[in-house]
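Chemist:
Protein chains: 2
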Amino acid sequence: MSDVARLARVTPMTVSRALRTPALVSKATLARVEAAIVKTGFVPNYVAGSLSSSHSRIIVAIVPTIMNSVFSGMIEGLSEVLRSRNYQLLLGSTNFDLDVEEKLLREFLGWRPAGIVVTGRRHTRGARTMLINSGVPVVETWHLDGEPMDTVVGFSNYNAAYEMARSLIGWGYRKIALIYISAHNNDRSIARRDGYRKALADAGRKLDPGLECEVKFGVGAGRGAAARLLEARPDVDAIMCASDALAAGVLMECMRRGYSVPKDIAVTGFGDVELSAELVPSLTTVHLPRNEIGRRTAQVLLDRIAGDLPAASRYDCGFTIVRRESA
Amino acid sequence: MSDVARLARVTPMTVSRALRTPALVSKATLARVEAAIVKTGFVPNYVAGSLSSSHSRIIVAIVPTIMNSVFSGMIEGLSEVLRSRNYQLLLGSTNFDLDVEEKLLREFLGWRPAGIVVTGRRHTRGARTMLINSGVPVVETWHLDGEPMDTVVGFSNYNAAYEMARSLIGWGYRKIALIYISAHNNDRSIARRDGYRKALADAGRKLDPGLECEVKFGVGAGRGAAARLLEARPDVDAIMCASDALAAGVLMECMRRGYSVPKDIAVTGFGDVELSAELVPSLTTVHLPRNEIGRRTAQVLLDRIAGDLPAASRYDCGFTIVRRESA
DNA sequence: CTGAAAGCGCTTACAG
DNA sequence: CTGAAAGCGCTTACAG
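Residue numbers (this note's numbering), protein chains in the order written: chain W, 494 to 820; chain S, 494 to 820.
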């Protein structure tokens, strides 16, 4: 910056102003500074800028995994808005492990981010302490149920699963099984399971533990669970899955075994990724506004940073039951 | 840090040493400092550390999109290794637009990263200048063909497509169509198309422009292209796709139209994402070592930063033709 | 509209 | 093994 200043015959302070508040600099000076910047190929040092201004323009986001369109959709929405406002995304994935979340958080906090995004509402005690003491806005995403720590952006996993199960009941299915992702430390997963149970109970159906399969995530896990379920419980006429990937696996297993979907058995997903609409049969699922969750999260964070917004708000981005061919 | 120092009755310099080179601090002092760190909840300020040491522990990575298992697989490999060595990933996606790449690069360079990862070998003139002048190691990934700028980690898209096309010929297919992602500014895509053409030419087949479909990426694009191809060219007996997502779309369209794969028509992909092995029929495709590309890239970068490695190397992570049911 | 001084929180490069 | 001084490249908070 002092090189630029010398070339433009001003002090570094004026270069800094030309960059940040050009309105406060005279036209002639501004032109000289801009020419000098181009000539020197100067790139402002954000590290120095952040240190002296105590404001980093870095937003930290922690997700379970980016190997899933659901989360990458949110990340794309998030980073798009942030980039347009000259904020940068520091991204970490926990592989669904809350201890990893805590470690990532500790590392990331060293960069003194201007805001933090985490997934879900369950955190280790250490992580919770760091989040509260961080002194910056924190947004918890995806999971709306329960008492928020600061701000929450997402939808109700409980309600979404409840509605899907209720829809299946409404469509006439009698034995509805559930395949869901390991609920260990995963509050979204627990909520989906509980929503399913409540819908069945509300319809006067007896809960049947043999109809619930807890598995790892992924297409392969869905196939495996479907295989076991179809063998053990030929009375099942619908399989509700807590993710589209699981449902795709179930669909494939049904196809392998010569079951016709939805005639012999109905299948539903959760998430509505691109593939789901293209599958044969196309997948009945819960549409989640992934991109909007990301964009809204970014917006809230930026407004909070600007001081335009009170803490502790709650944004429900909603969900939609999308009925297609598979149920 | 001075709070910690006061509590431990040492100077900040000793706290810094206790954190970075504990071997140079006496046992007793170390214990006092550690206790003080816990008591104060001190989190080192990396912004200040980077500024004073002129070393940031930030690695910048720019990919076309994270909405694709292929790239997210690389990112996971990359960030896993980086995290284990206490480096952070600053991630950007260009949406396949080289101008966006240049803008991202300009922003990211402000953080004075310790290394840079880009996708492909084609960049705007401005981006190329910034990369060369950055003064830090640069790794270009995915695309091995041609003259490297600095270091390259990936595989030969040309060879992979060539081998797949040659395999199809060897398996007895006569009219092999190609569906590939828009080649505009996408060197990987161009190389795949050229590899396909060369394999056909080497087998003495005449090139037929009507057999090549250039489309956008995604399952839907694959379905659309398949629909057009199947209508226009009933003589086609194999469709080679330049990505697994395209191939999944083709498979779905074939199913809709009652074509039996591979009896009526063969389909192949490129990438080998998780779904591909589970599809019915399972997809014959090119397996890419996505995770390894990421890990190797991280390794090279870290070695280069440590000064253990000469510039301008070339790492071929290879590929494998995986024959499954679809061809 | 522009500048001189001080400081952000660390690390480097000595000195002892 | 520990510390005092200087500096990393900016911005803040004045002063003029």
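Backbone N, C-alpha and C define an ideal beta-carbon position, used for all residues, glycine too. Note that the coordinates shown come from a computational prediction; the quantities given were computed from them, not determined experimentally.
Against chain S, does Thr622/W count as a neighbour if the rule is that its beta carbon must be under 9 Å from one of theirs?
Modeler: To locate residue 622/W, count along the first sequence from 1; it is residue 129. Interface residue, yes.
Chemist: Report the residues of the segment 737–766 of chain W with a CB closer than 7 Å to any CB of chain S, ordered along the chain.
Modeler: Here the close residues are Ala741, Gly742, Met745, Met748, Arg749.
Chemist: What residue does the beta strand (DSSP E) around Glu707/W start on, and which one ends it?
Modeler: Sequence index remark: in the first sequence, residue 707/W carries index 214 (1-based). That run of the beta strand (DSSP E) goes 705–708.
Chemist: Using a threshold of 9 Å, state whether the C-beta atoms of Ser819/W and Thr777/W are closer than that.
Modeler: Counted from its first residue, the first sequence places residue 819/W at position 326. Counted from its first residue, the first sequence places residue 777/W at position 284. Going by C-beta atoms, Ser819/W is nearer than 9 Å to Thr777/W.
Chemist: Which value, in whole angstroms, describes the spacing of the CA atoms of Val503/S and His548/S?
Modeler: Numbered from 1 along the second sequence, position 10 holds the residue referred to as residue 503/S. Numbered from 1 along the second sequence, position 55 holds the residue referred to as residue 548/S. In a straight line, the C-alpha of Val503/S is about 26 Å away from that of His548/S.
Chemist: For chain S, check one thing: does any of its Cβ atoms lie closer than 9 Å to the Cβ of Glu771/W?
Modeler: For the purposes of this step, residue 771/W is taken as the residue at position 278 of the first sequence. Closer than 9 Å to some Cβ of chain S, the Cβ of Glu771/W qualifies, so yes.
Chemist: Restricting to runs no shorter than 4 residues, where is the alpha helix (DSSP H) found entirely within the segment 606–687 of chain S?
Modeler: The qualifying runs are 618–626, 650–663.
Chemist: For Asp809/W, count neighbouring C-beta atoms within 10 Å of its own C-beta (all shown protein chains included) and say buried if the count is 16 or more, exposed if not.
Modeler: Within the first sequence, numbered from 1, the residue matching residue 809/W stands at position 316. Answer is exposed; the Cβ neighbour count stays below 16.
Chemist: Grouping DSSP H, G and I as helix and E and B as strand, with all else coil, what is Ile758/W?
Modeler: For the purposes of this step, residue 758/W is taken as residue 265 along the first sequence, with counting starting at 1. Coil.
Chemist: Report buried or exposed for Ala799/W, applying the criterion of at least 16 other Cβ atoms within 10 angstroms of its Cβ.
Modeler: For the purposes of this step, residue 799/W is taken as residue 306 along the first sequence, with counting starting at 1. When all chains shown are included, Ala799/W counts as exposed.
Chemist: Express the C-alpha separation of Gly566/W and Asn784/W in angstroms, rounding to a whole number.
Modeler: Here residue 784/W refers to the residue found at position 291 of the first sequence. Here residue 566/W refers to the residue found at position 73 of the first sequence. Distance between the alpha carbons of Asn784/W and Gly566/W: 5 Å.
Chemist: What does the Cβ neighbour count give for Ile551/S, buried or exposed, with the cut at 16 atoms within 10 Å?
Modeler: Indexing the second sequence from 1 puts residue 551/S at position 58. Counting Cβ neighbours within 10 Å, Ile551/S comes out buried, since at least 16 surround it.
Chemist: Would you check if the segment 693–713 of chain W and the segment 579–586 of chain W touch, i.e. whether three or more CB-CB distances between them fall below 8 Å?
Modeler: At 8 Å Cβ cutoff, the stretches do not touch.
Chemist: Give every residue of the same chain whose Cβ lies closer than 7 Å to the Cβ of Thr612/W, excluding the five residues on either side of it in the sequence, and list them in chain order.
Modeler: For the purposes of this step, residue 612/W is taken as the residue at position 119 of the first sequence. Closer than 7 Å at the Cβ level, and outside the excluded window around Thr612/W, lie Ile555, Val556, Pro557, Thr634, Trp635.
Chemist: Taking the alpha carbon of Ile814/W as the reference point, which residue from Tyr539/W, Leu781/W, Ala501/W has its own alpha carbon closest?
Modeler: Within the first sequence, the letter at position 321 stands for residue 814/W. Closest by alpha carbon: Leu781/W.
Chemist: I want to see whether chain W comes within less than 9 Å of Arg510/S, judged by CB atoms only; does it?
Modeler: Reading the second sequence from its first residue, position 17 is the one you call residue 510/S. Not one chain W Cβ lies under 9 Å of Arg510/S.
Chemist: Where does Cys734/W sit, in a helix, a strand or coil, going by DSSP?
Modeler: Within the first sequence, the letter at position 241 stands for residue 734/W. Cys734/W falls in the strand class under three-state DSSP.
Chemist: Quick one: which residues of the segment 699–728 of chain W get their C-beta closer than 9 Å to a C-beta of chain S? List them in chain order.
Modeler: Under the 9 Å Cβ criterion, the segment 699–728 of chain W contributes Gly711, Val712, Gly713, Gly715, Arg716.
Chemist: Residues of the segment 586–614 of chain S in Cβ contact with chain W at a cutoff of 8 Å, in chain order, please.
Modeler: If the cut-off is 8 Å between Cβ atoms, the segment 586–614 of chain S has Ser586, Leu597, Arg599, Glu600, Phe601, Leu602, Gly603, Trp604, Arg605 near chain W.
Chemist: Once you ignore the five residues that flank Leu722/W on each side, which residues in its own chain have a CB closer than 7 Å to its CB?
Modeler: One-based indexing of the first sequence puts residue 722/W at position 229. Result list for Leu722/W: Ala670, Cys706, Val729, Ile732, in chain order.
Chemist: Kindly indicate the opening and closing residues of the beta strand (DSSP E) around Ser586/W.
Modeler: Within the first sequence, residue 586/W is the residue found at index 93, counting from 1. Per DSSP, Ser586/W belongs to the beta strand (DSSP E) from 581–586.
Chemist: What span of residues does the alpha helix (DSSP H) with Tyr539/S cover, start to end?
Modeler: Numbered from its first residue, the second sequence carries residue 539/S at position 46. Segment 539–546, the alpha helix (DSSP H) holding Tyr539/S.
Chemist: Give the range of the alpha helix (DSSP H) segment to which Leu525/S is assigned.
Modeler: Numbered from its first residue, the second sequence carries residue 525/S at position 32. Going by the sequence as given, residue 525/S is Arg instead of Leu. Start and end: 520–533.
Chemist: Return no unless some Cβ of chain W is closer than 9 Å to the Cβ of Val540/S.
Modeler: The residue you call residue 540/S lines up with position 47 of the second sequence. Taking Cβ atoms only, chain W reaches closer than 9 Å to Val540/S, which makes this a yes.
Chemist: Should Ala654/W go down as buried or exposed, given a rule of 16 or more other Cβ atoms within 10 Å for buried?
Modeler: Position 161 of the first sequence, counted from the first residue, corresponds to residue 654/W. Under this definition Ala654/W is a buried residue.
Chemist: Measuring only the C-alpha atoms, how far is Glu595/W from Leu624/W?
Modeler: As a first step, residue 595/W must be located in the first sequence, where it is residue number 102. As a first step, residue 624/W must be located in the first sequence, where it is residue number 131. Cα to Cα, Glu595/W sits roughly 10 Å from Leu624/W.
Chemist: So what's Val773/W in DSSP terms, helix, strand or just coil?
Modeler: Along the first sequence, read from residue 1 onward, the residue named residue 773/W stands at position 280. Of the three classes helix, strand and coil, the one that applies to Val773/W here is coil, per DSSP.
Chemist: Between Asn561/W and Gly764/S, what straight-line distance do the alpha-carbon atoms span, to the nearest angstrom?
Modeler: For the purposes of this step, residue 561/W is taken as residue 68 along the first sequence, with counting starting at 1. For the purposes of this step, residue 764/S is taken as residue 271 along the second sequence, with counting starting at 1. The straight-line gap from Cα to Cα measures roughly 16 Å.
Chemist: Answer with buried or exposed for Asp638/S, where buried requires no fewer than 16 other C-beta atoms within 10 angstroms of its C-beta.
Modeler: Along the second sequence, read from residue 1 onward, the residue named residue 638/S stands at position 145. By the neighbour-count rule (16 or more Cβ atoms within 10 Å), Asp638/S is buried.
Chemist: Residues of chain W with CB closer than 8 Å to the CB of Ile568/S, please, in chain order.
Modeler: What you label residue 568/S is simply residue 75 of the second sequence in a count that begins at 1. What Ile568/S touches in chain W: Ile559.
Chemist: Drop a sphere of 10 angstroms on the beta-carbon of His677/W, count the other beta-carbons inside from all chains shown, and report buried for 16 or more, exposed for fewer.
Modeler: As a working note, residue 677/W is residue 184 in the first sequence. Under this definition His677/W is an exposed residue.
Chemist: Is the CB-CB distance between Leu512/W and Thr533/W below 9 Å?
Modeler: Taking the first residue of the first sequence as position 1, residue 512/W is located at position 19. Taking the first residue of the first sequence as position 1, residue 533/W is located at position 40. No; because the gap between Cβ atoms is not below 9 Å, this pair is not in contact.
Chemist: Give the residues of chain S in contact with Leu776/W, contact being defined as C-beta atoms less than 8 Å apart.
Modeler: Translated into positions along the first sequence, residue 776/W becomes position 283. Within 8 Å Cβ-Cβ: nothing; Leu776/W doesn't reach chain S, min ~11 Å.
Chemist: Output yes if chain S places a C-beta closer than 9 Å to the C-beta of Leu584/W; else output no.
Modeler: For the purposes of this step, residue 584/W is taken as residue 91 along the first sequence, with counting starting at 1. Taking Cβ atoms only, chain S reaches closer than 9 Å to Leu584/W, which makes this a yes.
Chemist: Please report the distance separating the alpha-carbon of Ser753/W from that of Val773/W.
Modeler: If you number the first sequence from 1, residue 753/W lands on position 260. If you number the first sequence from 1, residue 773/W lands on position 280. Going by the C-alpha atoms only, they are around 11 Å apart.
Chemist: Do the segment 787–797 of chain W and the segment 641–651 of chain W touch if we need at least three Cβ pairs shorter than 8 Å?
Modeler: Enough Cβ pairs lie closer than 8 Å, so yes.
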